[in-house]
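Asks:
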Amino acid sequence: MIVADSKPLMEIAPLLTGSRRVLVLGCGGCVTVCRSGGLAEARELARRLAHPEFFPDGVPEFRVDAIERQCERDMLEAYLETPPDTDAVLSLACGVGVQMVSDALEPMPVFPALNTTFMGGADEAGLWREKCRGCGDCVLAYTGGICPIARCAKKLLNGPCGGTSNGSCEVDSTQPCAWALIFYRLKKQDKLHLLEEIFPTRDWRPGGGSGPRMRRRAGVAGGPGDFR
Ligand code: SF4
Ligand code: SF4
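Residue numbers for the sequence shown, in this note's numbering: 92 to 319.
#1: Against chain D, does R111 count as a neighbour if the rule is that its beta carbon must be under 7 Å from one of theirs?
#2: Check R304 in the structure and name its three-state DSSP category.
#3: Pick out the complete alpha helix (DSSP H) segments inside the segment 160–234, 4 residues or longer, and give them in chain order.
#4: Under 6 Å: does the beta carbon of V94 sit that close to some heavy atom of ligand 1?
#5: CB of A244 to nearest heavy atom of ligand 2: below 6 Å?
#6: Roughly how many angstroms separate the alpha carbons of L167 and S97, rounded to a whole number?
#7: What did DSSP end up calling R276 once you bin it into helix, strand or coil?
#8: Which word fits Q161, buried or exposed, when buried means at least 16 other C-beta atoms lie within 10 angstroms of its C-beta?
#9: Suppose you measure from the CA of P99 to the CA of L205; what does that come to, to the nearest Å?
#10: When we look at the beta-carbon of F318 and count the other beta-carbons within 10 Å, is it buried (16 or more) or exposed?
#11: By the three-class DSSP mapping on this structure, what secondary structure does G149 have?
#12: Taking 6 Å as the cut-off, is the C-beta of C252 nearer than that to any heavy atom in ligand 2?
#13: Assuming L136 and S182 are in contact, meaning their beta carbons sit under 8 Å apart, how far apart are those beta carbons, in whole angstroms?
#14: Going along the chain, which residues of its own chain have a beta-carbon closer than 6 Å to the beta-carbon of R242, five neighbours each way excluded?
#15: Please name the residue in E144, R154, R276 whose C-alpha comes closest to that of A131.
#16: List the endpoints of the continuous beta strand (DSSP E) containing L100.
#17: With three or more beta-carbon pairs closer than 8 Å as the criterion, would you say the segment 169–176 touches the segment 105–114?
#18: Looking only at its chain, what residues have a beta carbon closer than 6 Å to the beta carbon of L283, apart from the 5 residues adjacent to it on each side?
#19: In terms of alpha-carbon separation, which member of I273, G300, L171, V192 lies closest to E287?
#20: Taking only three categories from DSSP, how would you classify P297?
#21: Between L68 and ligand 2, is the CB less than 6 Å from at least one heavy atom?
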């Protein structure tokens, strides 16, 4: 899932100066699960923003809504209702959702209320850790299901580095060393021989090194071709 954090109110408020009616739009996807951008957070954000401290020349009228996923064009078209006279949208989606809403409502100004931070999962209640960087060439089969690109501070493919200490990372000792985790996982799997394989120099183009990535799938939404 995508994990995001709230932007400071002092950063958001100036974006809305001059707007009279603002739609504060939550998203029911990842940001609801990580408690940063769902309907409850949208309501709370609107409540906190509606203060003369932020808008000395007049507090905008904030209306709050949410749709299931702002990143889905079909859902935007089916469920997004923009109240009349809306001047701006404050989106609590990830950066993908903000851009999809911007495209759908062009030329309406659509502003981000969150900083999209990482792709991760909750290791325990209330603690999400980064797990994947979308590198486009997954190596988890060789690393015991632990991603060295997202979870090693140096993104080493042939670790550990010389600084690993008692299972902790030298860059941030509060974090586990990813390569220590990989070692112990492979040991449990009786696959330590995999550590003797040297990963070759990586081609980062599948990971976005040659520009924005896209995929076209045949047979989707009535398009030509078969599902494959
Ligand atoms: S190796 Fe690449 S695709 Fe696999 S989890 Fe790590 S970043 Fe994601
Ligand atoms: S200590 Fe481990 S996680 Fe940290 S940079 Fe070195 S190999 Fe990577």
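We put the beta carbon where it would ideally sit given N, CA and C, even for glycine.
Replies: According to the structure shown:
#1: No chain D appears in the structure shown, which is made up of a single protein chain.
#2: Here residue 304 refers to the residue found at position 213 of the sequence shown. Coil at R304, not helix or strand.
#3: 164–170, 186–196
#4: Counting from 1 along the sequence shown, the entry for residue 94 is found at position 3. Every heavy atom of ligand 1 is 6 Å or more from the Cβ of V94, so no.
#5: As a first step, residue 244 is located in the sequence shown; it is residue number 153 there, counting from the start. It does: the Cβ of A244 is within 6 Å (strictly closer) of some heavy atom of ligand 2.
#6: Translated into the one-based positions of the sequence shown, residue 167 becomes position 76. Translated into the one-based positions of the sequence shown, residue 97 becomes position 6. Computed Cα separation, rounded: 22 Å.
#7: Taking the sequence shown and counting its residues from 1, one reaches residue 276 at position 185. Looking at R276 - three-state DSSP - the assignment turns out to be helix.
#8: What you label residue 161 is simply residue 70 of the sequence shown in a count that begins at 1. Buried.
#9: To locate residue 99, count along the sequence shown from 1; it is residue 8. To locate residue 205, count along the sequence shown from 1; it is residue 114. Rounded to the nearest angstrom, the two C-alpha atoms are 9 Å apart.
#10: Translated into the one-based positions of the sequence shown, residue 318 becomes position 227. In this prediction, F318 has a pLDDT of 44, which is less than 50 and means its spatial position is unreliable; what the coordinates show is noted afterwards. Exposed, because fewer than 16 other Cβ atoms sit within 10 Å of the Cβ of F318.
#11: As a first step, residue 149 must be located in the sequence shown, where it is residue number 58. Coil.
#12: Within the sequence shown, numbered from 1, the residue matching residue 252 stands at position 161. Yes, Cβ of C252 sits closer than 6 Å to a heavy atom of ligand 2.
#13: Here residue 136 refers to the residue found at position 45 of the sequence shown. Here residue 182 refers to the residue found at position 91 of the sequence shown. That belief does not hold up - the Cβ atoms of L136 and S182 are roughly 11 Å apart, past 8 Å.
#14: Numbered from 1 along the sequence shown, position 151 holds the residue referred to as residue 242. So the qualifying residues of the chain are A269.
#15: The sequence position of residue 131 within the sequence shown is 40, counting from 1. If we check each option's Cα against that of A131, R154 comes out closest.
#16: By 1-based counting over the sequence shown, the position of residue 100 is 9. Counting along the chain, L100 falls outside any beta strand (DSSP E), though it belongs to the alpha helix (DSSP H) covering 100–107.
#17: yes
#18: Numbered from 1 along the sequence shown, position 192 holds the residue referred to as residue 283. Within the same chain, L283 has close Cβ partners L277.
#19: Along the sequence shown, read from residue 1 onward, the residue named residue 287 stands at position 196. Nearest C-alpha to E287: I273.
#20: For the purposes of this step, residue 297 is taken as the residue at position 206 of the sequence shown. Correct three-state label for P297: helix.
#21: Since the first and last residues shown for the chain are 92 and 319, residue 68 lies out of range.
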